[in-house]
Structure formats: structure tokens, C-alpha cells
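Notes to accompany the following structure.
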Amino acid sequence: MFFLQFITKFIKVMRAGASPAQIAGGFALGSLIGLMPFLTLQSAVIFCVLFLLNVNLSAATLAIFIFSFGAFLLDPVFHNLGFYMLTGLNTLQGLWTKLYNMPVAPLTRFNNTVVMGSFLGGLVLFAPVYFGMKKLVVAYREGLEAKIKKWKLVQVITGSKMWQWYERLRDWQW
Amino acid sequence: MRKGAIYFLVVFAVIAGVGLYFFRDRYFERWIENSCTETNRAKVEIDNFHFNLFALTCKFDRLQWTDPKNTMTNLFETGPAEFGVELRPLFWKNLIVREAKIAGILLGTERKEDGKVDLPPEEPGLFDEITASVAKEIKILPILNLAALKQKFNLDNLVNVEQLAVVQGAQAIRFDADSTGAKWQQFIKTYDAQTKIAALQTRAQNINLQNLKTVDEFTTNLQNVTKLRDDVTALRNEITTSKKNAALDFTRMVGNIKNLDNLAAQDFDAAKQKLGIADFNVKDIGKMLFGNPLGGRFAEMMRYVELGREYLPAAQKLMAINKVENPPRLKGQDIAFPRTFAYPKFLLRHAFISGATKANVAEALQLKGEIWGITGDPSIYGRPTVFDVQVFKEEANAYQVRAAFDHTTDLPKDTLNLRASNFRLGEVDLKNDKSYLPARLLANRGAINATFVLSGKNVLGHLGLNIDKVDFQFSPGVADAITETIRSSVFRPMEQLQITAEVQGATNDLKLHIGSNLDNVFAARANELVQASFARAQQEIRLRINQETAKRRQQVEALYAEKQKLVMVELNKYQALVEEQLAAVEAKKKEIEKRIEDEKKRATGEAKKKLGEKLKGLVKP
Chain A
2 MFFLQFITKF
12 IKVMRAGASP
22 AQIAGGFALG
32 SLIGLMPFLT
42 LQSAVIFCVL
52 FLLNVNLSAA
62 TLAIFIFSFG
72 AFLLDPVFHN
82 LGFYMLTGLN
92 TLQGLWTKLY
102 NMPVAPLTRF
112 NNTVVMGSFL
122 GGLVLFAPVY
132 FGMKKLVVAY
142 REGLEAKIKK
152 WKLVQVITGS
162 KMWQWYERLR
172 DWQW
Chain B
114 MRKGAIYFLV
124 VFAVIAGVGL
134 YFFRDRYFER
144 WIENSCTETN
154 RAKVEIDNFH
164 FNLFALTCKF
174 DRLQWTDPKN
184 TMTNLFETGP
194 AEFGVELRPL
204 FWKNLIVREA
214 KIAGILLGTE
224 RKEDGKVDLP
234 PEEPGLFDEI
244 TASVAKEIKI
254 LPILNLAALK
264 QKFNLDNLVN
274 VEQLAVVQGA
284 QAIRFDADST
294 GAKWQQFIKT
304 YDAQTKIAAL
314 QTRAQNINLQ
324 NLKTVDEFTT
334 NLQNVTKLRD
344 DVTALRNEIT
354 TSKKNAALDF
364 TRMVGNIKNL
374 DNLAAQDFDA
384 AKQKLGIADF
394 NVKDIGKMLF
404 GNPLGGRFAE
414 MMRYVELGRE
424 YLPAAQKLMA
434 INKVENPPRL
444 KGQDIAFPRT
454 FAYPKFLLRH
464 AFISGATKAN
474 VAEALQLKGE
484 IWGITGDPSI
494 YGRPTVFDVQ
504 VFKEEANAYQ
514 VRAAFDHTTD
524 LPKDTLNLRA
534 SNFRLGEVDL
544 KNDKSYLPAR
554 LLANRGAINA
564 TFVLSGKNVL
574 GHLGLNIDKV
584 DFQFSPGVAD
594 AITETIRSSV
604 FRPMEQLQIT
614 AEVQGATNDL
624 KLHIGSNLDN
634 VFAARANELV
644 QASFARAQQE
654 IRLRINQETA
664 KRRQQVEALY
674 AEKQKLVMVE
684 LNKYQALVEE
694 QLAAVEAKKK
704 EIEKRIEDEK
714 KRATGEAKKK
724 LGEKLKGLVK
734 P
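Residue numbers (this note's numbering), protein chains in the order written: chain A, 2 to 175; chain B, 114 to 734.
See the structure below:
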């Protein structure tokens, strides 16, 4: 019973946060996680932040999925960016050296070029992704949703049994 | 803020913590096994590894370290071990062990499974060069031509009579004697002194002083006698000169006969040259006697130094300039920064070890000692790895082994020192295959002090071995007289045998020298035997040559005497005759001169008398 209650509450959390800001926030945080290599301390922290903040987790999940592909494609860019940040700027060498000698540093893997480059890239893209996603959600709800619902493809999907199962699950009262 | 999420995060953290708690041992065990396997190039297996997170201690029941050169055998295995680790280095995945107690170490145990792994094989390294170099030095054994001692000299081959200088010299003298004799005999024949002397005699006889009356006749005959005397004198001088020349010729032959001794000496030297070695010199006799067993021991000791070199890499350049690489996708490149606290990947600061060399207690030697500073990054640790181990057997041998592997700089320096005193030796196989060298050495006790230093690729090693109450045993079989002489006179039981060995040089060009107090004894005795053998041969040669010389000398002396006699007797005879004739002619000449003087006196007297008479008539009283 405890296990069922745990799953119920988890799904509720996943379905919560339907406002454009919540969806955009979830999506932006998800993009940050998706761009970075997974096994780092900062990824774990962002995961915790994701769960603690009242943002849409479904959007975050979707963003993680999409931006993982983006990370694969942008890997050379992140590598060069990270290399430049770690070795090209003399003013930051002292900071990196201090960080390197902290016990916690190996957990962050900050001295890895892709980790550094993708983290910086994620930070830079965070604001544009948030505001962009927010505008997209508003625009979708104001005009696009009705048009998209009329598409034959959407009608086929929404008429399918899989969609019906999804709606049942979505609307299930735990 | 989603307060409900805290609940999930806590649950999630608890689940992760529980998972970590239950699976950490397996994780660490696999991590250590993989790291060690990669270093060893053969399997390293740990049983029942346990990591205590709160006490920061590790323990395991068993460690098996496969011998990469024989993957069905463990280089060593341990029994239970326990050690504490330092916390801070763990954040960088560096395992620093403070102090360990490792018991039940066994060397060379059999494995149940093959410990081979699919890693590229190691290329022949430094120690293959060293052992090959030492083996090569041992194979270059000193020259001991014992066959020379046994050789039966073929005198006829050494002394070819026909080609002897003395024989040829004698033949030349014979020829000279014959030709000289013939020459002078021919001279005597053609000169015909006898006829000439007879003619002079006739002329002398014709001068008859009885018939001479007047002074004129005397004067004429005086002239004739004077002429005759001159002729006789001339003949005498010719004969004397001829005799002198003949004597010179024969004197020359005497000189040639005397020269036969010099020719004989030449013949003797030539035969001696053919005989071969004049002196016998044995170099590095120690290498010949003890090279094989010591070479094997040296290789064993080098094996342990090899392990040190293998597992303790020399210092590599730290903080290499970070260059941009092209890593695989999503892997990135790790950039290194200066470390305030530099930790090696693995470090065992101090360990107490105990164990045995074999599982069989009866045969095994016990090990006990301490180790300091085993690490895969000696340059970071900054101190050499040191082993101080005692190897012993109850009521028997005890060895102290101290090794230091200093790989903190680019030039690694490894030192191995082995000491033992009063250890029991028993029977030692010398691995000699020559019948005149002992096959086994029996000894009571000994003391050894060996030091080897491997600095970079240069080896310097010294071994001193003192063995008490030594006896030698030979391989069974019949030995000839020479071999038996060497065996009995050189390899006698000794109170103490002292062996020193030195090895020096680059690893691929080692020079090995082994010496012992047996060397001089062996060399002197062998030299004596060789010299005696050669002396006998030389004596026989000399005898043969002297015989030939005496025979030839006798022959030429007889011929010389014969020829000389033939010639000189004739010449002497002629000389005597001509001297006799000369004396007669001189006498005759003197007589004529006297008669002429007398006649002159008589004529003067008569003339005075006549004058006196005439003057008497002129003057009256």
C-alpha cells in the first residue's frame, strides 16, 4: 500500500504545474539537465531543484529528452568552449586551481571540457528557453490549440487506444 | 515550492543510500581488481572485500595476484588483511592506505583457473637483456685446453729428420769437404812439386865444387847456386802459401762443423714452436667453476628487482602542458590543475607482512617483515619503496633482504641487499659438464653478502660468499690419469671456500667476473701439469736432435780429418823436401863463397909474395 501511495503521489507531482510559467520553468531546467553529462553533482542539484520548485515535471522530462540529442550534436562546440574556459583565461586559473583541490570538486567534474562547456551553454540558453517556452505555451493555448486539434494526425492520435489510456491515467483520481 | 517533493527526495536518497550500502563492497572490489589486473597484465582477485564507511577501514579474506609469466600460478596470495584508508584522497578516487597487516602470504601457489587476460603482451624488457647478458658471460668459459695435457706427441711429426737444419748443414759440410779435398788433391797433382823439387835437386847436384879451380869458375857457380837458391826459395814460398790456403779452407770447415750446434738449437726451437703452448694461463677460473649456479641465483634476484620495476613506474612528466585533444563524443577532456595535496592513485604507506614461500610448511621458508611506500606514482609520493624482510626456517637458514626501489625521478634506482650468516648449504649442484670439474659442492654452512644496484640501465652487483667445510663430488665414471690428477690435487676438501662475484655494465653488455681462492690453486696445478707434459716432450725432441747432430758431426769430422790428412800430409812432405833442398843449396852457396874467399886470399898472398920478391931485387943493401 505504501508503494501504491508513493506511485500515486509521484504521478500527481508529475501532473501538477500547468501554468505557462511552470511549464516554461520545468522545460528550462530540463534543458539544463539534458545538455550536461548526467553523472555530476550539479545535475543532481538541478534535479533536486526541479522536484522542489513548483514547475511542470512532464515538460522537464520532455526537455531532458530533446536536449540530450542537442548535447550530442553540440558536443564539439561544448568541448571547445570548455577547453577555452579552463585553459584560455588566465584570470580564472586561480579559481579553477582552488576548486580542483576541494574534495567536492571531483564530484562536479568541472575540469572536464564537455561538462564545463555544456554547463555554461545551458546557463546561457536558460533564459531564452524559459521565455521562449512561455510564449509558445501562451500562443498555443490562445490560438494554436484549436487549430492543432483539427489536424488529421492529431485526431488519429487522440482517437487511439493509447491516448485513451493516457487520458484515463491523467484524469485518474488517486 | 513543492513541499511534497521533499518527501520523494528523502525516500529516493534513502533508497540510494541503502543501495550504496549494500553494493559498495562489490563496487570497490571490482574497482580494485580491475585496476590491479590492468597493472599486472594478469588476473588479480579479491575475496570478500568489505569497506567500512564509518571507520574508513577495508578488509578482505584473500588476494590472489597471478604471475603474468605463468598464469596458472600466483605470484603471491595473501590470507586475511585489514587496513585503514584516508578519507580526503577518496574524493579523487585515490586509495591511500595508512597501515596494513597482511598475513598468510604464500609465494608461487597454484591457481584453480587460468589468470590470463586479453591484454597486449609485454615486450622483452630490461631484465630479459640482463639475464641474457649474464648467460652469455657464463658461456664464454676460459680456455682450458685439457686435451693438450693428454696429447701424445708424435715425435716423428715434430722432428722431421730430413728437414732438420743440422742434417742439411752436415750435408753441406760434407759436400764442402769433398770439394775442398778434391780441389787440393787436384792442385797437388797438377802442381807436381815432386818433379820440381827433383829438378832443383839435379841442378844442385850438377854444381860440383871439387872440379872448380879458378875464381871465375867459382863466381859462375856462385851465380848458379844463387839462382838455384832463389828458385828453391820461390818453390818453398809457393808450397807454404798453398799449405796456408789449404789450412784456411779446412779451418772454415771446422767452423761449419762447430756451427752444427747452432743449427741444432734452431731445430729445437722450431720443434718447440710446433709443440704449441709454452705457458698455461687460466683466466676467470671462478667463472668456469661457479658460473652456472651463481648465474641462476643472480637471475632469481633480478626477478625481484624486475617486479619492482614493473609495478613501480619511473617518474613521468607531471603537469604536462594541456593540449587540446579530440576525445570521443560526450567524453570530453579532463584538464589537470596544480594540486595542493598531490595524492598518488594508490599508496600503501606501511604494511606488516608475514607468510611463507610455499604452502608446504615442511619445505617452506617463513617470511616476516615490513614494507613502506608501495605506490603506482612514486614521483608524487616522493619516497622510495622499501622492503625489509626476513626469510627464515626454524633452526635453519635466515636471510635478511632489504630492497629499495627509488623511482621518484626520471632515473630509477633499485637496490637489493641480501645478507645471511651461518646458513646451511648442504649439497649444491654446480651444473658442470666437464669431467675434471666437480659436479656438486658439499658444504656445511656459509655466509653471504650480496648487493645489486640497478641505476637506469646500468648494473653494479657484488656478491661475497664464504663457505665452511667444503668438499667436492664428481660425476660417476672412469677418469683418465690427467683428470684424476687435477681432481685429487686441486679439488681437495677445504676449510673455507671464498667466492666473489662482480657484475657491471649496461644491461645488454654485462661483464661478469667470478673469483675464488681456488683459482690460483687450480691455475698453478694445471700449469704444473702442462709444463711437465711439455717438458717431457721437449726433452724427447732435444734427445732426438742431439742424436742426429752427434751422428752427423761424427760423419763430417771423420771426412774432414780424412781430407785434411790427404792434403796436408802431401803439402808437409813437399815443404820438408823443399826446405831440405834449400838448406843444401844454402850450404853449397856458402861453401862456394868460402872457396872464393879462400882463393882470393891465396891469390892475394901469392901476389904479395911475388911483389915482395920483386921489390927485394930493386933495393940493394
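All residues carry an ideal CB built from backbone N, CA and C; glycine is no exception.
- Close to Asn112(A), with beta-carbon spacing below 7 angstroms, are these residues of chain B in chain order: Asp447, Ile448 and Phe450.
- Taking a Cβ-Cβ cut-off of 7 angstroms, the neighbours of Thr98(A) in chain B comprise Phe450 and Pro451, given in sequence order.
- Between Asp227(B) and Thr184(B), the C-beta gap is smaller than 8 angstroms, which places the two residues in contact.
- In the displayed model, Ala464(B) falls within a strand according to three-state DSSP.
- Within a 10 Å sphere around the beta-carbon of Asn187(B) sit 16 or more other beta-carbons, which makes this residue buried.
- Counting of Cβ neighbours within 10 angstroms places Arg462(B) among the buried residues, the total reaching 16 or more.
- Per the C-alpha coordinates, the member of Thr522(B), Glu242(B), Ala650(B) and Lys570(B) positioned closest to Arg496(B) is Thr522(B).
- Within chain B, the residues Arg442 and Leu443 have their CB atoms less than 9 angstroms from the CB of Phe73(A), given in chain order.
- Gly132(B) counts as exposed, since fewer than 16 other C-beta atoms from the protein chains shown sit within 10 angstroms of its C-beta.
- Distance from the CA of Glu653(B) to the CA of Gln617(B), rounded to the nearest whole angstrom, comes to 48 angstroms.
- Look at Thr62(A): its C-beta is not under 8 angstroms from any C-beta on chain B.
- DSSP places Phe79(A) in the helix class (H, G or I) of the three-state scheme.
- Around the C-beta of Asn207(B), 16 or more other C-beta atoms lie within 10 Å, and the residue is accordingly described as buried.
- In this structure, the beta-carbon distance from Leu341(B) to Val698(B) falls below 8 angstroms.
- Proximity of Gly83(A) to chain B, defined by a Cβ-Cβ separation below 8 angstroms, is satisfied.
- Contact between Val345(B) and Thr662(B) is absent: CB atoms are separated by about 47 angstroms, not below the 8 angstroms threshold.
- If the five residues before and after Phe500(B) are omitted, its C-beta is found closer than 6 angstroms to the C-beta atoms of Ile484 and Ala516, all from its own chain and listed in chain order.
- In its chain, beyond the 5 residues on either side, Phe363 have a beta carbon closer than 7 angstroms to the beta carbon of Gln677(B).
- At a beta-carbon threshold of 7 angstroms, the residues of chain B lying near Leu87(A) are Ile448, ordered along the chain.
- With its beta carbon less than 8 angstroms from one in chain A, Met114(B) belongs to the interface.
- Looking at the DSSP output, Leu625(B) sits in a beta bridge with Val616(B).
- The region 588 to 599 of chain B makes contact with the region 535 to 555 of chain B, as at least three CB pairs between them are under 8 angstroms.
- Counting along the chain, no beta strand (DSSP E) covers Tyr456(B), and no H or E run does either.
- Separation of Leu407(B) and Gly197(B) (C-alpha to C-alpha, rounded to the nearest whole angstrom) is 42 angstroms.
- For Asn530(B), the enclosing beta strand (DSSP E) starts and ends at Lys526 to Asp542.
- Chain-order list of chain B residues neighbouring Val125(A): empty, with the shortest C-beta distance near 18 angstroms, by a criterion of under 8 angstroms.
- Taking Gly31(A) as the centre and dropping the five residues before and after it, the same chain places the C-beta of Ala61, Ala64 and Ile65 closer than 6 angstroms to its C-beta, in chain order.
- Our two residues, Asp622(B) and Phe173(B), have alpha carbons roughly 45 angstroms apart in a direct line.
- Excluding sequence positions up to five before and after Asn57(A), its CB lies within less than 8 angstroms of the CB of Ala17, Gly18, Ala19, Gln23, Ile24, Gly26, Gly27 and Phe28, all in the same chain and listed in chain order.
- The Cβ atoms of Gly217(B) and Thr179(B) do not sit closer than 8 angstroms to each other.
- With a contact defined as Cβ atoms closer than 8 angstroms, Gly489(B) and Phe459(B) qualify at about 5 angstroms.
- The Cβ-Cβ distance between Gln43(A) and Phe120(A) falls below 8 angstroms.
- As computed with DSSP, Tyr512(B) is found in a beta bridge with Val504(B) and Ala533(B).
- For Trp166(A), DSSP records no beta bridge to any residue.
- DSSP places Val328(B) in the helix class (H, G or I) of the three-state scheme.
- Taking Phe111(A) as the centre and dropping the five residues before and after it, the same chain places the C-beta of Leu100 and Met117 closer than 7 angstroms to its C-beta, in chain order.
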